[in-house]
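Counted from 1, the sequence shown has number 239 at position 225 by my numbering; the numbering is strictly sequential. For each residue, glycine too, the CB sits at the ideal point set by N, CA and C. Scroll down for the structure; my scribbles are underneath it.
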Amino acid sequence: MMSYKENLLTKIAIDRLVDRIKASIGTVESGKRIDKALLKQLMGYFPWKPRQERDLELYLENETAGKTRILVLDNDLTIYNTTVDDVVLRKSPTVKEMVSIRNAIKILNDSDVVVSKKTRSLETIQSICIDRLDLSYTPADIDEMAREGVASLDGGDADGVAESLMLFAELLGLAPAPKSFGMPHHELYGKVDEKPSGEVTFGPLVMYSHVHGTLTCLETVLSSRDKERLITLKAVAAGDARPLPRARRSSI
C-alpha cells in the first residue's frame, strides 16, 4: 500500500505526462503526431486491460463484457462504447469487410459509438488514473513531509529539497514558473495569472536555486512585461535582497 507522499508523487507524474501529451496533440491539418512514447508511459498508470487486435492497440474498460468502453491508442486517441469486433471493423477493416454496404456506412460514420477523441479522451484517461489513488491525508502525513523537506535543506540534499518543494506546491495549488520566468538550474513555483492583455504575472512565489543552494519565498508579484524580472530573480537567489525587501531566504 502506497503512502500519501507516494500517491501524491504519482499524481504529479500523471499530470505532467498529460500536459506533455496534450502539447503534442494537433489538428489533422497540422500533421502533428501524438507522442506515443509519452502515451506508453501514461498507460502504465491506466487500469483498463490492453488487447491487440489486427494492427490496433486497444484498452478495454471491461474485457468480459460484450459492449464496453474501448480506447484505441493511436493519433486520434478515440474512446468508443461498443464491442471489440465493431471497433476493429471501423478502424482496421479488411477488403472483404469493406465491400459490404452496411459495413461501409459504419466505417465512414462512427459518431454513433464514439465517446470522445484527443484532448477529451486524454482528460478521461487522466481522471481514471488519478481516481485510483488514495489522496486522503492526515496532519501527520503533512508533518512528515515537512520534516523530510527540512532535513533535506539542512543536509544539503538538493534533490530532496526540489522534491519537497514540488509536493508542497501541489498541495498549495502553486504552478511551475511560466516560460517567461523560467531559469536553468532553478525550481520556481507560484501563483500564475494571465490577463486579457496577454500580460502574465507570477507571484507570490517560492524559488530553489541549485546554483546557490538557496530556498527563497518571494511575496512580490512579477510581471512578464518587466524586462528585469530575471535579473531580479537571480539577485534574490544569490542573496542580494536589495531590489526586493519582502524576500525571505534560507540556505543549505
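Check: Alpha-carbon to alpha-carbon, T230 and V175; Outcome: 12 Å
Check: As assigned by DSSP and simplified to three states, the class of A261; Outcome: With a pLDDT of only 46 at A261, under 50, the local geometry of the prediction cannot be trusted, and the value read off the model is given with reservation. In the structure shown, A261 sits in a strand (DSSP, three-state: E or B).
Check: As assigned by DSSP and simplified to three states, the class of S223; Outcome: strand
Check: Three-state secondary structure assigned by DSSP to E71; Outcome: strand
Check: Simplified DSSP state of T230, which is helix, strand or coil; Outcome: strand
Check: Residue environment, K105, which counts as buried when at least 16 other CB atoms sit within 10 Å; Outcome: buried
Check: Alpha-carbon to alpha-carbon, I39 and L103; Outcome: 25 Å
Check: Inter-residue CB distance, L85 and S135 (contact presumed, cutoff 8 Å); Outcome: 7 Å
Check: CA-to-CA distance, T96 to S114, given in whole angstroms; Outcome: 20 Å
Check: Counted within 10 angstroms of its Cβ, other Cβ atoms place M221 as buried (16 or more) or exposed; Outcome: buried
Check: N-terminal and C-terminal residue of the alpha helix (DSSP H) that N117 is part of; Outcome: I115 to L122
Check: Segments of 3+ residues assigned as beta strand (DSSP E) that fall wholly inside the segment 180-227; Outcome: 200-208 and 214-223
Check: Exposure label - E137; buried when at least 16 CB within 10 Å; Outcome: exposed
Check: V127 to Y94 span [Cα, whole Å]; Outcome: 5 Å
Check: Integer Cβ distance of G204 from G217, believed to fall under 8 Å; Outcome: 5 Å
Check: Host beta strand (DSSP E) of V129 (start-end); Outcome: V128 to S130
Check: Straight-line Cα distance separating R243 from H200; Outcome: 14 Å
Check: Residues near V279 by beta carbon distance below 6 Å, same chain, minus five either side; Outcome: No answer is possible for residue 279: it lies beyond the span of the chain, which begins at 15 and ends at 266.
Check: Nearest-angstrom Cβ-Cβ length linking E77 and R65, presumed shorter than 8 Å; Outcome: 7 Å
Check: K241 vs T133 beta-carbon contact at 8 Å; Outcome: no
Check: Presumed contact (8 Å Cβ cut-off) between S150 and S166, rounded CB distance; Outcome: Wrong, their Cβ atoms sit about 25 Å apart, outside the cutoff.
Check: Whole-angstrom distance between D33 and V250, CA atom to CA atom; Outcome: 30 Å
Check: Sub-8 Å separation of I119 and M112 beta-carbons; Outcome: no
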